[in-house]
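Structure first, then comments.
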Amino acid sequence: MAGEVVLLDFWSSMFAMRVRLALAEKGIKYESKEQDLSNKSPLLLEMNPINKQVPVLIHNGKPVCESLIIVQYIDEVWNDKSPLLPSDPYQRAQARFWADFVDKKVSVAAKNVWSTKGEEQEAGKKEFLETLKIMEGELGDKPYFGGETFGYVDLSLITFYSWFHAYEVLGNINIEAECPKIIAWAKRCMQKEAVAKTLPDQKKVYEFVVQLRKMFVSE
Amino acid sequence: MEEVQLLGFWPSPYSYRVIWALKLKGVKYEYIEEDLRNKSDRLLQYNPVHKKIPVLVHGGKPIAESLVILEYIEETWPQNPLLPKDSYERALARFWIKFGADKGPIFSAFFRSTKEELDQNAIKEIAEYLKILEEQALGDKKFFGGDNIGLVDIAYGWLCHWFIGMEEMGGVKLLVPSTVPRLHAWAENFKQLPIIQENLPDYTKLLAHFKSLREKTTGYDAR
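Sequence lines, in order, name chains U and C.
Numbering-wise (my numbering), the first sequence opens with residue -9 and increments by one.
Numbering-wise (my numbering), the second sequence opens with residue 203 and increments by one.
Put into structure tokens, the structure is as follows:
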């Protein structure tokens, strides 16, 4: 169970944040190696030759790639505390379904909010808010997607909260007005020490995204 | 024993992933054919978010998304395990399953490619993709799961039948011994397993379905 844990990381990646959050929840000591994604290191290319992306968890020298796969791995290996996935198979299936929804729908629409303009951006904004409303429906009256405690689905979505200020300014949208329950849920999550410590400052992320947007959109 | 139902669509490879897993585990189920051009209240009730098949219904409770269903089947019916026991090996298996899931767009492009208008970019990307599968995922193993098939084989199983149909329609063969001999052998071995052979849609009907799909602008909804 113990052994060396290294994370190939990037401070503003909501996917890398998921892993940092899982490690924090479990109280696992690890070394974070910040990557330069514009000039990828030999280590990153060796550990993730297929996708060449962060996050990569290197446990005892062996790499695990893809944020949700890494989170499931962490949950299985460090299974003595803070379970992230439910134990009941049906509940686990629901958790996997919703985390998959975040990846397939929320994440894709969110990217269009900051990386496009004009009609494409309008469509992206509409889709993004719709996906958040669908998640609000799933949350219902529960404090967390996981029920009474923070879990896998909460973890998969909360990292996007650090990008909300960027989405709001660049997309000219008011997420709280459209999806108040999501904002209330996010603020509840931010009260958890692990979440507050893991998520970067929204203003810093905004400045980063402004620069990143220039690579996608000519204005 | 609680009832198991599978809402499916006969030409969908995603339906078949679930069928193969249920058959391998010896789970009795009722198959319900859904008409995706005229979605039933039942489908909309059981999968309101995506409105797609396959949906597995166990004791009245629905599970959607084929890969989520596969993990559920594996956990609920542990006989004949389809994932490795070791956590690291499981993470690797999941990685390769996801790798396949993320490549949808290049296959959609290939599907639309015609003899008259070959999509060279799609062809190149698929050739590269098949090479990666052969060299990195399969290696010298008989199946992705080792000596016996597992969830990774089930996830890629569509290559041995549906992709062959796409190749025939597009007039370009890519899953061939000259470039990917081990993957080609895998496809042959996989297809010859009785459980797979006995559970495939009729090839001629499938080709006809593909042809009619190509004539329309939208494909069928399945995942």
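Where is the CB? At the ideal position from N, CA and C, for every residue including glycine.
Source: prediction; values computed, not measured.
Counterpart residues of Glu235/C in DSSP-defined beta bridges: Gly210/C
Report the CB separation of Leu226/C from Leu258/C in whole angstroms; it is logged as a contact under 8 Å. Contact flag wrong, Cβ pair sits at about 14 Å.
In chain order, what residues of the same chain have a beta carbon less than 6 Å from the beta carbon of Leu34/U, not counting five sequence neighbours either side? Leu(-2), Gln25
Are the beta-carbon atoms of Gln338/C and Ile48/U separated by less than 8 Å? no
Relative to the alpha-carbon of Lys300/C, which residue among His386/C, Val382/C, Leu269/C, Ala324/C has its alpha-carbon at the smallest distance? Leu269/C
Give the C-beta separation of Tyr142/U and Leu75/U to the nearest angstrom, bearing in mind that I take them to be a contact with Cβ-Cβ under 8 Å. 5 Å
So, does the CB of Ala83/U fall closer than 8 Å to a CB anywhere in chain C? yes
How long is the line joining the alpha carbons of Tyr331/C and Pro280/C, rounded to whole angstroms? 32 Å
Tell me which same chain residues have a C-beta within less than 6 Å of the C-beta of Gly421/C, skipping the five on either side of it? In this predicted model, Gly421/C has a pLDDT of only 49, less than 50, meaning its place in the structure is not dependable enough to derive any value.
Segment contact flag, the region 48 to 59 of chain U with the region 185 to 205 of chain U, C-beta cutoff 8 Å, min 3 pairs: no
Jot down the residue ranges of each uninterrupted alpha helix (DSSP H) in the region 115 to 159 of chain U, minimum 4 residues, whole runs only, in chain order. 142 to 148
Does the beta carbon of Lys326/C come closer than 8 Å to any beta carbon on chain U? no
Using the beta-carbon of each residue, which ones in chain C are nearer than 8 Å to Cys55/U? Phe297
Could you tell me the distance, in whole angstroms, from the CA atom of Asp342/C to the CA atom of Arg384/C? 7 Å
Which residues mark the beginning and the end of the beta strand (DSSP E) in which Ile265/C is found? 263 to 266
Pick out the complete alpha helix (DSSP H) segments inside the region 168 to 206 of chain U, 4 residues or longer, and give them in chain order. 170 to 180, 183 to 188, 192 to 203
If you run the structure through DSSP and keep just helix, strand and coil, what is Asp78/U? coil
So which of Trp222/C, Glu205/C, Gly210/C, Glu204/C has the shortest CA-CA distance to Tyr358/C? Trp222/C
Apart from the five residues just before and just after Ser22/U, which ones in its own chain have a Cβ nearer than 6 Å to its Cβ? Leu(-3), Asp(-1)
Once DSSP output is grouped into helix, strand and coil, what is the label at Asp90/U? helix
Range covered by the alpha helix (DSSP H) that runs through Ile432/C: Residue 432/C cannot be examined here, being either before or after the span of chain C that is shown, 203 to 425.
When you compare the CB of Ala329/C with every CB in chain U, is at least one pair closer than 8 Å? no
I'd like to know whether the C-beta of Tyr274/C is nearer than 8 Å to at least one C-beta of chain U. yes
Straight-line gap, Phe345/C to Leu285/C (C-alpha atoms, nearest Å): 13 Å
If you count every other CB in all the chains shown that lies within 10 Å of the CB of Val200/U, and 16 or more means buried, which is it? exposed
Of the residues that make up the region 88 to 119 of chain U, which ones have a beta carbon closer than 8 Å to any beta carbon in chain C? Asp90, Phe91
Proximal residues to Ala85/U (C-beta, below 7 Å), its chain only, five neighbours per side dropped: Leu75, Pro76, Gly141, Tyr142, Val143
Which of helix, strand or coil DSSP assigns to Leu(-3)/U: strand
The region 27 to 61 of chain U: positions lying closer than 7 Å to chain C by Cβ: Ile40, Lys52, Val54, Cys55, Glu56, Ile59
Which of the three DSSP states, helix, strand or coil, is assigned to Val46/U? strand
Given Glu138/U, which residues of its chain have a CB within under 7 Å of its CB, disregarding the five upstream and five downstream residues? none
Counting along the chain, where does the alpha helix (DSSP H) carrying Lys71/U start and finish? Where Lys71/U is concerned, there is no enclosing alpha helix (DSSP H), given that its DSSP letter is neither H nor E.
Taking the CB atoms as reference points, tell me whether Tyr157/U and Ala176/U lie closer together than 8 Å. no
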